[in-house]
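*Asks:* Let me give you the structure first, and then I'll get to my questions.
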Amino acid sequence: DALVGLPGVTGLSTEQRKRLTIAVELVANPSIIFMDEPTSGLDARAAAIVMRTVRNTVDTGRTVVCTIHQPSIDIFEAFDELLLMKRGGQVIYAGPLGQHSHKLVEYFE
């Protein structure tokens, strides 16, 4: 364990802690990264910044698996694939979102 920040300063914001956690995980150069609620506790701006970091990670060829609930439409559409489950674990949808969630909307029509 190591302290991060400056002496006498309250520390890192929630957004900074989340981004630091992602960076620490990336140091090991994993091919798959699991993230549990990477945007929880963040305002819309901070959530967008964190998800931009996640998107940049995916763009390097890594696979990122996220759990997320109640994302904004912009964050939702940043995902390539969706696994939607209902209570009890039954799969409702598994597949690509498509541009502007076209594939998902088409599936449910």
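Quick note on my numbering: the sequence shown kicks off at 629 and runs consecutively. Idealized CB from N, CA, C, for every residue including glycine.
1) Would you tell me roughly how many angstroms separate the C-alpha atoms of Lys731 and Leu725, rounded to the nearest one?
2) Check for me: the alpha helix (DSSP H) holding Leu725 runs from which residue to which?
3) What residue range does the beta strand (DSSP E) around Thr688 cover?
4) Quick one: what's Phe662 bridged to in DSSP?
5) Looking at the unbroken beta strand (DSSP E) that takes in Glu766, where does it start and where does it end?
6) Start and end of the alpha helix (DSSP H) containing Glu734?
7) Mind the definition here: the segment 657-671 touches the segment 692-699 only if three or more C-beta pairs lie below 8 Å; say whether that holds.
8) With 16 other CB atoms within 10 Å as the buried threshold, where does Met679 fall?
9) Is it buried or exposed for Ala675, if we count other Cβ within 10 angstroms and need 16 for buried?
10) Sort Ile677, Gly723, Thr685 by Cα distance to Asp708 and report the nearest one.
*Replies:* From the atom records:
1) 5 Å
2) No alpha helix (DSSP H) holds Leu725; DSSP gives it neither H nor E.
3) Note, Thr688: premise wrong, no beta strand (DSSP E); not H, not E.
4) Val693
5) Since the displayed the chain opens at 629 and closes at 737, residue 766 lies outside it and no answer follows.
6) 730-736
7) yes
8) buried
9) buried
10) Gly723
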